[in-house]
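Report on the following structure.
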Amino acid sequence: MKLIAILFTAIFINNYVMSQFLGICPFMGVSKKVETAAGMGIAVTFVMALASAAAWLAYNYILVPLGLDYLYNIAFILIIASLVQFVEMFIKKSSPSLYQALGVFLPLITTNCAVLGVAVSNMQAGYSFIESVVNGVGGALGFLLAIVLFAGIRERIARNKLLPTIEGFPIALISAGLMSIAFLGFSGLSL
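First residue of the sequence shown? That's 79 in my numbering, and the numbers climb one at a time after it.
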């Protein structure tokens, strides 16, 4: 039951994008088309799930026993950067069109603070290995949900005529703010 609570809390209540405002750069940059947003969400899901597992192992079996636990940020960033390189090579080989569509935002997963945020929050919450992985997967699915929903909204908005003063980025920010308010409605849930 606790694992289900961690999963749903990470997806809806403590959504890294909508509630904690982490990972905004790829969220805003890659959300113009649903297909591209889904590709980015899947890539972030893979990296976030693996980063949660690898960061937990590195922290609990390397940093803490050696008394180097204060270096967790540097270690987590190195782990995330390695995983992103792996994902980038895989996407480049398996789906060149997605690789081109993601462009500069794919390597920016390395500096996506949502990925680092989930690793740090796992450490601070004192989660076990399984709980860390479940929180990482939940956080990643929450990112995927948020970016795909936002891309759908942006596609629908693009088909309409707007005032020139709010076209483009201003309406995207307004839409993201309204989505964030909608996700705030989940904050009253207790699992």
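C-beta atoms are modelled at their ideal positions from N, C-alpha and C, and glycine is treated no differently.
Note that the structure is predicted; figures quoted are calculated from it, not measured.
First and last residue of the uninterrupted alpha helix (DSSP H) at residue i
i	result
Met-201	191-203
Met-126	112-136
Arg-237	Here Arg-237 belongs to no alpha helix (DSSP H), and DSSP marks it neither H nor E.
Gly-255	247-262
Phe-164	150-172
Ile-187	Where Ile-187 is concerned, there is no enclosing alpha helix (DSSP H), given that its DSSP letter is neither H nor E.
Ala-88	No alpha helix (DSSP H) contains Ala-88, which DSSP labels as neither H nor E.
Assigned exposure category for residue i - 16 Cβ within 10 Å defines buried
i	result
Thr-243	exposed
Val-182	exposed
Asn-93	buried
Met-96	buried
Tyr-205	buried
Met-237	Checking the sequence, you will find Arg at residue 237 rather than Met. Arg-237 is exposed by the Cβ-count criterion.
Asn-213	buried
Ile-169	buried
Reduced DSSP category for residue i - H, G, I as helix; E, B as strand; rest coil
i	result
Gln-98	coil
Pro-242	coil
Pro-104	helix
### Task
Could you tell me whether the stretch 183-201 touches the stretch 133-142, using the rule of 3 or more Cβ pairs below 8 angstroms?
The stretch 183-201 and the stretch 133-142 touch, with no fewer than 3 CB-CB distances between them shorter than 8 angstroms.
### Task
Decide yes or no for the touch test of the stretch 221-230 against the stretch 119-133: beta carbon pairs closer than 8 angstroms, at least 3 of them.
In short, these stretches touch, since the Cβ pair count reaches three.
### Message
With three or more C-beta pairs closer than 8 angstroms as the rule, is the stretch 184-193 touching the stretch 99-118?
### Response
Under the three-pair Cβ rule at 8 angstroms, the stretch 99-118 counts as touching the stretch 184-193.
### Task
Please confirm if the stretch 79-94 is in contact with the stretch 254-265, defined as three or more CB-CB distances below 8 angstroms between the two stretches.
Output reads yes: the stretch 254-265 touches the stretch 79-94.
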